[in-house]
Amino acid sequence: MTSEAGKSKFQIDLRRHLREQNIVDNLVHLICEIAEASKYVINAVRTGDLGVAGTSNLYGEEQLALDVLSDRIIRKRLIKSGVVCNIASEEMDEILQVTSDTDGMYSVAYDPLDGSSLVDVNLAVGTIVSIYSGSDLFQVGRKQVAAMYILYGPRVSLVYSVGNGVYEFTMNHLMEFTLTRENVTMKPSGDIYAPGGLRNKYTEGNEKFVRYLEAKGCKLRYSGGFVPDINQVLMKGKGIFMYPALNGSPNGKLRLLFELNPMAYLIENAGGAATNGKVPILDIKPECLDQRAPIYIGCADDVNKAMEYVNNE
Ligand code: FDP
1 MTSEAGKSKF QIDLRRHLRE QNIVDNLVHL ICEIAEASKY VINAVRTGDL GVAGTSNLYG
61 EEQLALDVLS DRIIRKRLIK SGVVCNIASE EMDEILQVTS DTDGMYSVAY DPLDGSSLVD
121 VNLAVGTIVS IYSGSDLFQV GRKQVAAMYI LYGPRVSLVY SVGNGVYEFT MNHLMEFTLT
181 RENVTMKPSG DIYAPGGLRN KYTEGNEKFV RYLEAKGCKL RYSGGFVPDI NQVLMKGKGI
241 FMYPALNGSP NGKLRLLFEL NPMAYLIENA GGAATNGKVP ILDIKPECLD QRAPIYIGCA
301 DDVNKAMEYV NNE
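Following this note's numbering, the numbering of the sequence shown begins with 1 at its first residue and continues without gaps.
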């Protein structure tokens with residue numbers, strides 16, 4: 001199998017690929033169920049009303065905002081999967097217990113439609129998913145047994161890892177996910193930077209780090225959507241995304257359970273790094289569902305450089 005899209009004679013679909021990776025049946029089933037759910041999410045994103053909650057459709061029924069609808073689509077699928085015991089969603093205030101039976105079961109934290117404010121200007125958005133074995137969702141991110149995202153862009157792609165390489169699948173004309181890249185790998189350093197947050201709220205160390213990147217000739221490539229911005233860094237294998245501590249927001253904006261842990265798991269599995277400026281994201285013990293942290297994520301050398309700057313301000 002070549003790693004270049006479109007060059008293989010036979011398409012390998014997601015389920016077949018997962019089976020060939022010797023992943024346990026329940027996890028294969030879970031990943032495939034999430035992939036199925038994403039087909040309904042992309043359908044809603046492409047054809048649904050644009051996020052205006054409280055308005056009604058042709059039949060006088062209330063329309064749901066796309067993030068709420070996406071949440072329901074995924075949650076329903078997880079509940080019906082038969083292999084999930086606990087669910088946490090960025091859209092829910094509390095953990096939902098599906099069953100107290102934890103044997104061979106998984107717990108899932110997900111952000112159903114990250115970047116939903118970008119849908120009405122037709123920019124790319126995505127679903128982010130973090131999977132743990134058993135019922136505990138407050139484990140360090142390093143304990144994830146799988147992480148994945150689905151990117152809804154001009155094409156729909158699904159990127160996952162179970163700790164054994166990072167793989168990309170792309171949705172074909174039959175809405176099947178077929179393998180397009182295997183063993184995605186990050187270079188040690190890169191020339192792309194995606195800086196989140198208002199720059200006039202950056203601390204001195206962060207401002208100096210950005211100036212260092214600019215002096216190095218890095219290109220600014222920031223869409224404002226976490227999934228496409230991370231996907232760019234990961235698939236190009238180079239660059240850094242940051243959403244740092246800001247003056248007035250010492251923990252930045254992005255959430256550990258729903259956004260940072262799954263992305264850190266994928267980037268680390270591709271040979272990159274992710275830190276909050278002091279410790280690896282994957283070593284932070286979560287204390288609450290909506291815990292936030294600053295993040296520097298991407299090529300290992302660039303992430304280390306960021307740490308030097310923010311720790312010497
Ligand atoms: P959004 O608020 O549009 O849903 O976590 C959500 C997120 O987007 C990320 O996708 C994105 O990286 C970040 O917030 C951008 O936030 P700001 O534009 O508020 O800086």
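In this text, a Cβ means the ideal position worked out from N, Cα and C, and glycines have one as well.
Open item on the list: Give the list of continuous beta strand (DSSP E) stretches no shorter than 3 residues that lie fully inside the stretch 110-176.
Closed with: Secondary structure remark: continuous beta strand (DSSP E) runs of at least 3 residues inside the stretch 110-176, in chain order: 125-133, 146-152, 156-161 and 167-171.
Task: C-beta contact flag for A330 and V184 at 8 Å - done: The shown model of the chain, from 1 to 313, leaves out residue 330, and the question about it has no answer.
Open item on the list: Measuring CB atoms only, is the stretch 191-204 touching the stretch 231-250, in the sense that at least three cross pairs come out at less than 8 Å?
Closed with: Touching, per the Cβ criterion.
Task: Beta-carbon proximity check, Y160 vs Y167, cutoff 8 Å - done: Yes, the Cβ-Cβ distance between Y160 and Y167 is below 8 Å.
Task: C-alpha distance - S116 paired with L123, whole-angstrom precision - done: A direct Cα-to-Cα measurement between S116 and L123 gives close to 9 Å.
Task: Selected residue, minimal CA-CA separation from V45, among V121, Y212, N164 and M307 - done: Here the closest residue by C-alpha is V121.
Open item on the list: Tell me whether Y152, by its Cβ, gets closer than 7 Å to a heavy atom of ligand 1.
Closed with: Taken from the Cβ of Y152, every heavy atom of ligand 1 lies 7 Å or farther away.
Open item on the list: Would N26 and G104 qualify as a contact pair, given that the criterion is a beta-carbon distance under 8 Å?
Closed with: Contact flag set, yes.
Task: Three or more C-beta pairs below 8 Å linking the stretch 93-104 and the stretch 213-226 - done: Output reads no: the stretch 213-226 does not touch the stretch 93-104.
Open item on the list: Assuming L260 and L254 are in contact, meaning their beta carbons sit under 8 Å apart, how far apart are those beta carbons, in whole angstroms?
Closed with: For a cut-off of 8 Å, the C-beta gap from L260 to L254 is around 6 Å, short enough to register as a contact.
Task: Other residues of its chain near T102: CB distance less than 6 Å, five sequence neighbours each side excluded - done: So the list reads C85, G134 and S135, once near-sequence residues are dropped.
Task: Nearest-angstrom Cα separation, counted from Q291 out to D283 - done: Taking C-alpha positions only, D283 is separated from Q291 by approximately 14 Å.
Open item on the list: Any heavy atom of ligand 3 inside 7 Å of the beta-carbon of G224?
Closed with: What this structure holds is ligand 1, not ligand 3.
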